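Q:
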Amino acid sequence: MAEEKSWPIGLQRLAAIVGPKAAMQLAERFGGVQDQYIPRRARLDHPFTALIGLDRMEHLCEALGGERIDIPKGTYAKLKKAEIIGQRGSARSIALRVGCSMRYVKKIRSDLVDGGADEPDLFSAPRKKSGD
Numbered sequence: 295m296a297e298e299k300s301w302p303i304g305l306q307r308l309a310a311i312v313g314p315k316a317a318m319q320l321a322e323r324f325g326g327v328q329d330q331y332i333p334r335r336a337r338l339d340h341p342f343t344a345l346i347g348l349d350r351m352e353h354l355c356e357a358l359g360g361e362r363i364d365i366p367k368g369t370y371a372k373l374k375k376a377e378i379i380g381q382r383g384s385a386r387s388i389a390l391r392v393g394c395s396m397r398y399v400k401k402i403r404s405d406l407v408d409g410g411a412d413e414p415d416l417f418s419a420p421r422k423k424s425g426d
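Residues in the sequence shown are numbered from 295 upward in steps of one, following this note's numbering.
1. In this structure, does DSSP put I363 in helix, strand or coil?
2. Ordered along the chain, which non-local residues of its own chain (more than five positions away) have a Cβ less than 7 Å from that of I402?
3. On the criterion of 16 or more Cβ atoms from any shown chain inside 10 Å, does I332 qualify as buried, or is it exposed?
4. Considering only C-alpha positions, which residue in the set I346, H340, C394 is nearest to A321?
5. Using the rule of at least 16 other Cβ atoms within 10 Å of the residue's Cβ for burial, across every protein chain shown, is L406 buried or exposed?
6. Taking its Cβ as the centre, do 16 or more other Cβ atoms sit within 10 Å of R350, making it buried, or is it exposed?
7. Over what stretch of residues does the alpha helix (DSSP H) that includes P314 continue unbroken?
8. Starting from K299, trace the alpha helix (DSSP H) both ways and give me its first and last residue.
9. Please name the residue or residues paired with Q330 in a DSSP beta bridge.
10. Let's test the definition: count the other Cβ atoms within 10 Å of the Cβ of A344 and tell me whether it reaches 16, buried, or not, exposed.
11. Please state if the CB of R335 and the CB of C355 are separated by a distance shorter than 8 Å.
12. To the nearest whole angstrom, what separates the beta carbons of R386 and M396, a pair I think is in contact under 8 Å?
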């Protein structure tokens, strides 16, 4: 994913170890947790294991076991938005791939359109023509 380069350093580090999807899952669930201890050995009863799976947890423990890490807070929505922006296809197919609603995909896409200034505002009074 090209958008990973815009992620916080700590999340980039996690993504390099456990993969982007698992890193996003950790950010969503544990974002804002500081000084999170990573055990030296993967355990089935660890909350990370239930979320990202034993295999990815083993990779995490191999790389960072015995260390304490900070998981960034408030980044998940930005990450999801970046993932949507980088996708091609219908709103439905993107929503299914990314794991969000079609409505959210449409909102993100419409926010990217710069040409909206020429479109009339549906909530304002109509402009009067010169000569009326």
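The beta carbon of each residue, even a glycine, is placed where N, CA and C say it ideally should be. Fair warning: this is a prediction, and the values are worked out from it, not measured in the lab.
A: Let me lay it out:
1. Here residue 363 corresponds to residue number 69 of the sequence shown, with the count starting at 1. Three-state result, I363: strand.
2. Translated into the one-based positions of the sequence shown, residue 402 becomes position 108. Once the five neighbours on either side are set aside, the close Cβ partners of I402 are K375, I378, I379.
3. Indexing the sequence shown from 1 puts residue 332 at position 38. I332 comes out buried.
4. Along the sequence shown, one-based indexing puts residue 321 at 27. Answer by Cα proximity: I346.
5. Counting from one through the sequence shown, the residue named residue 406 turns up at place 112. The residue is exposed, with fewer than 16 neighbouring Cβ atoms inside 10 Å.
6. The residue you call residue 350 lines up with position 56 of the sequence shown. That one is buried.
7. Residue 314 sits at position 20 when you count from the first residue of the sequence shown. 314–324 is the span of the alpha helix (DSSP H), which, as asked, contains P314.
8. Within the sequence shown, residue 299 is the residue found at index 5, counting from 1. Unbroken run through K299: none, as it is neither H nor E.
9. Numbered from 1 along the sequence shown, position 36 holds the residue referred to as residue 330. DSSP, once it has assigned bridges, lists I363 as partnering Q330.
10. Position 50 of the sequence shown, counted from the first residue, corresponds to residue 344. Per the 10 Å Cβ criterion, exposed.
11. The residue given as residue 355 occupies position 61 in the sequence shown. The residue given as residue 335 occupies position 41 in the sequence shown. Yes, Cβ-Cβ distance for C355 and R335 is below 8 Å.
12. Looking up residue 386 in the sequence shown gives position 92. Looking up residue 396 in the sequence shown gives position 102. So it is a contact: roughly 6 Å between Cβ atoms.
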